[in-house]
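Please read the structure below before turning to the comments.
Residue numbers (mature numbering (1 follows the signal peptide of the UniProt record, and there is no 0)): -29 to -1, 1 to 155.
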């Protein structure tokens, strides 16, 4: 059965209406839109967290952390590999600094899920999200920080992801805190 141009056009229009309705749902029930709109990359946020707008801010925070953990772990493996093959001492120093940032971020993310969220220590989760963003920034800047040397960063994409996910965590925990304040 062939699809006529008019039915294809109607399908596209329907999809557009669904997307618009998604973002126009009252903000008290659509936490996903609140979280993503406040992140550094709303489109990426929606792609990663999906279109299921019926999750709580706690669930969105956990999901962002659970998505970031394997990404950050993959970056640490990449850094270990680079450390094993590079001969440049300045680059080794840079990668070791970045490795420290990523390992600390991973440890803090695990604490967030295993401890901070459970105990309601939301300011600690917020600090972890902020730390992830700072770690991305400082790691990227390490490649420019050696006097007399400018190195091309091989971690730019990884640092960008860490920064965006950090902003999603900060945004989701802030939405969680605000939702709890509204209940009081």
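All residues carry an ideal CB built from backbone N, CA and C; glycine is no exception.
CB-CB length for residue i against residue j, believed under 8 Å
| i | j | result |
| --- | --- | --- |
| residue 76 | residue 133 | 7 Å |
| residue 146 | residue 28 | 5 Å |
| residue 181 | residue 22 | It is not possible to answer for residue 181, since the shown part of the chain is limited to -29 through 155. |
| residue 140 | residue 99 | 7 Å |
| residue 88 | residue 33 | 7 Å |
| residue 102 | residue 79 | 6 Å |
Segment limits, alpha helix (DSSP H) that includes residue i
| i | result |
| --- | --- |
| residue 98 | 93 to 113 |
| residue 134 | 127 to 154 |
| residue 14 | 13 to 20 |
| residue 8 | 2 to 8 |
Through-space distance from residue j to residue i, alpha-carbon basis
| i | j | result |
| --- | --- | --- |
| residue 62 | residue 30 | 39 Å |
| residue 66 | residue 153 | 44 Å |
| residue 41 | residue 48 | 10 Å |
| residue 2 | residue 26 | 7 Å |
| residue -4 | residue 24 | Here the model assigns residue -4 a pLDDT of 45, short of 50, so the residue's position is not dependable, and the following value carries that caveat. Their backbone Cα atoms lie some 11 Å apart in a straight line. |
| residue 44 | residue 73 | 8 Å |
| residue 50 | residue 38 | 19 Å |
| residue 104 | residue 135 | 7 Å |
| residue 15 | residue 57 | 33 Å |
| residue 119 | residue 137 | 32 Å |
| residue 128 | residue 86 | 29 Å |
Same chain, Cβ closer than 7 Å to residue i, five either side skipped, listed in chain order
| i | result |
| --- | --- |
| residue 142 | 6, 9 and 10 |
| residue 113 | 65, 68 and 69 |
Contacting residues, own chain, Cβ-Cβ under 6 Å from residue i (five flanking each side not counted)
| i | result |
| --- | --- |
| residue 130 | 107, 110 and 111 |
| residue 13 | 7 |
| residue 53 | 66 |
| residue 144 | 32, 93, 96 and 97 |
| residue 17 | 7 |
| residue 117 | 61 |
Beta-carbon contacts of residue i that lie in its chain and below 8 Å, excluding the five residues immediately before and after
| i | result |
| --- | --- |
| residue 123 | 114 |
Within-8 Å CB hit, residue i to chain C
| i | result |
| --- | --- |
| residue 142 | Among the chains of the structure shown, chain C does not appear; only one protein chain is present. |
**OP:** Starting from the N-terminal side, write out each stretch of the beta strand (DSSP E) that is 3 residues or longer and does not extend beyond the region 37 to 84.
**Re:** As far as the region 37 to 84 is concerned, it has no whole beta strand (DSSP E) run of at least 3 residues.
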